[in-house]
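According to the working numbering, the sequence shown is numbered sequentially starting from 652.
A virtual CB, placed ideally from N, CA and C, is assigned to each residue, including glycine.
What follows is a short report on a single structure.
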Amino acid sequence: MMSFRAARASDLASMYLVYYLSEVGETEGVDTALPLTVPSVLRHVFETGTMYVAEQDGQILAFAGAITRGPVTFLTDLFVHPRTQSGGLGKTLLSHVLPQDQGIRCTMSSTDPRAQALYVRLGMQPVFPHFNLLWQGHARQEQSPSDLKVVEGQAGDPAFLQWDAQVSGRTRPVDHAFWMRQQQSIPLWFRRQGVTVGYAYVRQAETALTPQTWVVGPLGVSEPGDATACVLAATSWARPRAERVRIDVPGPHPCLAPLLESGFHIIYVETFHSTAATPFFDARCYVPSGSDLL
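Written out as structure tokens, the structure reads:
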């Protein structure tokens with residue numbers, strides 16, 4: 652019989668195996684007997700959010716996770732073992748991790764139409780496509796000179812957290828601490844003629860396959876007119892430091908076409924779903940940290 656319960660720390664490796672098999676494992680013939688290193692972001696969601704598992708005969712077959720930051724709950728994970736028929740597992744798990752109050756609920760959906768249909772039925776409407784972009788070292792292109800100055804910031808700067816809270820629509824000091832501690836994030840300020848117009852983190856990607864990958868985000872500006880210049884400045888700052896640079900861009904953000912022109916290419920397209928009648932962030936001004944924490 653299938654049972655549902657709150658996740659325990661001892662479940663994390665089994666949960667990650669479900670994710671891995673669902674996303675890449677079976678197509679690559681992974682040896683499921685081998686221990687898998689649990690990503691720090693999964694542990695972070697467990698420690699600062701809500702996670703539930705579906706278990707049968709001692710085996711975890713599905714799990715879901717969500718984090719609540721201020722009035723916003725972001726669904727971080729929903730994965731079912733590929734050899735298991737869903738049979739409503741996803742809906743049941745979501746009922747445990749998503750609050751039933753009037754707060755905002757949102758997620759990044761894969762291209763799986765079953766997942767998209769589930770989110771829509773739960774009131775999370777599709778809002779915009781979300782483009783995962785990658786730049787590799789051999790794809791270089793000069794960019795136009797900019798009057799924007801990039802200045803490295805200080806870890807834990809309250810002004811940085813305040814900027815992010817205002818632009819991203821939620822206060823999240825625990826996520827800032829995670830990015831600094833676990834992903835060696837470097838905070839950047841963007842200034843024009845001495846005036847701060849935006850901020851960003853550039854972080855080390857957590858993957859054994861591409862250790863020289865940097866991730867840009869979150870990144871925010873106060874005015875849409877500064878958005879493209881700040882994104883291009885951040886990626887230009889990151890390029891000499893890594894063989895690969897990742898950035899995930901909302902469809903409405905004006906930097907999308909310039910990034911593609913500068914050598915980035917699209918590797919995946921997600922969909923942002925939300926229950927918010929009024930957006931809690933301006934997709935023209937904000938680049939999320941990625942699909943894991945928004």
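Under three-state DSSP, which class holds Phe730? strand
Using only CA atoms, which one of Ala893, Gly700, Phe714 lies nearest to Asp662? Phe714
If you reduce the DSSP assignment to three classes, tell me which class Phe931 lands in. coil
Could you check what DSSP says for Glu894 in three-state terms: helix, strand or coil? coil
Just the C-alpha distance for Ala880 and Val731, rounded to the nearest angstrom, thanks. 40 Å
According to DSSP, residues forming a beta bridge with Ser836: Ser836 pairs with nothing; no bridge assigned.
In the structure shown, what three-state DSSP assignment does His916 receive? strand
Where Ala927 and Lys742 are concerned, what is the direct C-alpha to C-alpha distance, given to the nearest angstrom? 20 Å
Contact check, Thr724 vs Leu744 under 8 Å by CB: the rounded distance? Actually they are not in contact, since the Cβ atoms of Thr724 and Leu744 sit about 14 Å apart, beyond 8 Å.
Specify the secondary structure class of Ala856 as computed by DSSP and reduced to three states. coil
Bridge partners of Met702, per DSSP? Gly716
DSSP beta-bridge partners of Asp899: Asn783
Give me, in chain order, the residues of the same chain whose beta-carbon lies closer than 7 Å to that of Arg659; leave out the 5 immediate sequence neighbours on both sides. none
Distance between Ser797 and Arg772 (C-alpha atoms, nearest Å): 46 Å
Could you pull the DSSP bridge partners for Arg777 from this structure? For clarity, residue 777 is Pro in the given sequence; the question names Arg instead. In DSSP, Pro777 forms a bridge with His924.
Compare the beta carbon distance of Val938 and Val896 with 8 Å and say whether it is the shorter of the two. no
Would you tell me roughly how many angstroms separate the C-alpha atoms of Leu870 and Val882, rounded to the nearest one? 7 Å
Let me know if His916 comes out buried or exposed under the rule of 16 or more other beta-carbons within 10 Å of its beta-carbon. exposed
Extent of the continuous beta strand (DSSP E) run through Met759: 755-760
Tell me whether Arg656 sits in a helix, a strand or coil according to DSSP, three-state version. strand
Opening and closing residue of the alpha helix (DSSP H) in which Leu945 lies: Careful: Leu945 lies outside any alpha helix (DSSP H) and carries neither H nor E.
In whole angstroms, what separates the C-alpha of Ser746 from that of Thr719? 15 Å
Taking C-beta to C-beta, are Arg854 and Trp830 nearer than 8 Å? yes
Among Val846, Gln753, Asn783, which one has its Cα closest to the Cα of Thr762? Asn783
According to DSSP, residues forming a beta bridge with Tyr850: Trp840, Gly871
For Thr864, which of helix, strand or coil comes out of DSSP? strand
Hey, would you say Val692 sits closer than 8 Å to Glu857, going by beta carbons? yes
State yes or no: is the C-beta of Leu729 nearer than 7 Å to some heavy atom of the ligand MN? This structure lacks the ligand MN, and indeed carries no ligand of any kind.
Taking His924 and Thr758 to be in contact with their CB atoms under 8 Å, please state how far apart those CB atoms are, rounded to whole angstroms. 5 Å
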